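Only one structure is covered here, and it is reproduced in the block below.
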Amino acid sequence: MSRSHSICHMRRHWLKAGASLALAGLVSRPALASVQQATGMRELSFYNRHTGESLKTSYWAEGDYLTEALVDINHILRDHRTNDILPIELPLLDMLHTLQGVLATPRPFQIISGYRSPKTNAVLSANSGGVAKRSLHMQGKAIDICIEGIRLDQLRLAAISLQRGGVGYYPASNFVHVDTGRVRAW
Ligand SMILES: [Zn+2]
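For reference, each letter of the sequence shown is one residue, going 3 to 188 in the numbering used here.
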C-alpha cells in the first residue's frame with residue numbers, strides 16, 4: 003500500500019480547492035449552523051476516493067427527505083467496481099449527519115467503501131479476512147470513512163459515542179467502518 007493511499011487526504015488536484023472550501027466552511031460555520039437549525043435542514047458532504055467525485059447536499063428539510071439529494075447520495079456511494087446502486091439507509095445518513103456535527107468539521111466524509119454488490123463483496127471477502135461474507139455494506143447499511151484533519155481514533159470514539167450501530171477500527175487501512183446494525187465495536 004502506498005503512503006499516499008494510507009493517509010486520509012484528497013488527491014493532489016483537490017488540495018487547493020479543498021483547502022479554500024474548508025477555510026470558507028470554518029469561517030461561516032456558526033452562521034451556517036444557525037441557518038440549518040432555523041430552517042430545519044440536514045446537510046452531508048462526501049468525497050469518493052475511488053472516483054474523485056464530491057457531493058455537498060441538503061438531503062432533509064422541514065421534516066422531509068429530499069428525493070433528488072438521495073439520488074445523488076446513492077450515486078456517490080454506489081459500488082464503484084460494478085456501478086450498482088442500492089439506496090443507502092436513511093438512519094445511516096442521519097448517523098453520518100450527527101457524526102459530522104459532533105466532530106464539528108466542515109470537511110467531507112471520504113468514502114473508502116459504501117454500497118457493495120454481492121459480487122464485489124464476494125471478491126473482497128475471498129481476498130481479505132477483514133471483509134464479512136454477509137456484510138452490511140450489501141444492504142446499504144454500512145460505510146467505511148475517514149475525514150481529512152480528523153484523527154482516526156477521534157473519529158472512532160465519536161462514532162462509538164453515538165451508540166447507533168457498529169463501529170469498526172481499521173488503522174492499518176486508515177478508515178473507520180460505521181453501520182446501523184447492532185450496537186457493537188471492534
Ligand atoms: Zn465496512
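From the three backbone atoms N, C-alpha and C, an ideal C-beta is built for every residue, glycine too. Only a predicted model underlies this, so the values are computations on that prediction, with no experimental measurement involved.
Q) Does the Cβ of HIS52 have 16 or more other Cβ atoms within 10 Å, making it buried, or fewer, making it exposed? A) With fewer than 16 other Cβ atoms within 10 Å, it is exposed.
Report task. Rank VAL104, TYR61, GLY65, ARG83 by C-alpha distance to the C-alpha of GLU91 and give the top, closest one. Result -> The option with the nearest alpha carbon to GLU91 is TYR61.
- Counting pairs of Cβ atoms below 8 Å between the segment 107-123 and the segment 141-150, do you hit three or more? Yes, the segment 107-123 is in contact with the segment 141-150.
Q) Which residue's Cα is closest to the Cα of MET97: GLY142, GLY54, ALA161, ASN129? A) Ranking GLY142, GLY54, ALA161, ASN129 by CA distance to the CA of MET97 puts ALA161 first.
Problem set entry | Residue from ALA124, LEU94, GLY132, LEU157 whose Cα sits closest to the Cα of GLY183 | Closest option to GLY183, Cα to Cα, is LEU94.
Are ASP181 and GLY167 touching if we call contact CB-CB under 7 Å?
In this structure, GLY167 lies closer than 7 Å to ASP181 by Cβ.
By how many angstroms is the C-alpha of ASN50 removed from the C-alpha of ASN176?
-> Between ASN176 and ASN50, the C-alpha separation is close to 15 Å.
- Message: Here's the rule: buried if 16 or more other CB atoms are within 10 angstroms of the residue's CB, otherwise exposed. What is LYS143?
- Response: By the neighbour-count rule (16 or more Cβ atoms within 10 Å), LYS143 is buried.
So, with DSSP's three-state summary, where would you put VAL180?
VAL180 carries a strand assignment under DSSP once its states are collapsed to helix, strand and coil.
Do THR84 and THR122 have their beta-carbon atoms positioned less than 7 Å apart in this structure? Contact: yes.
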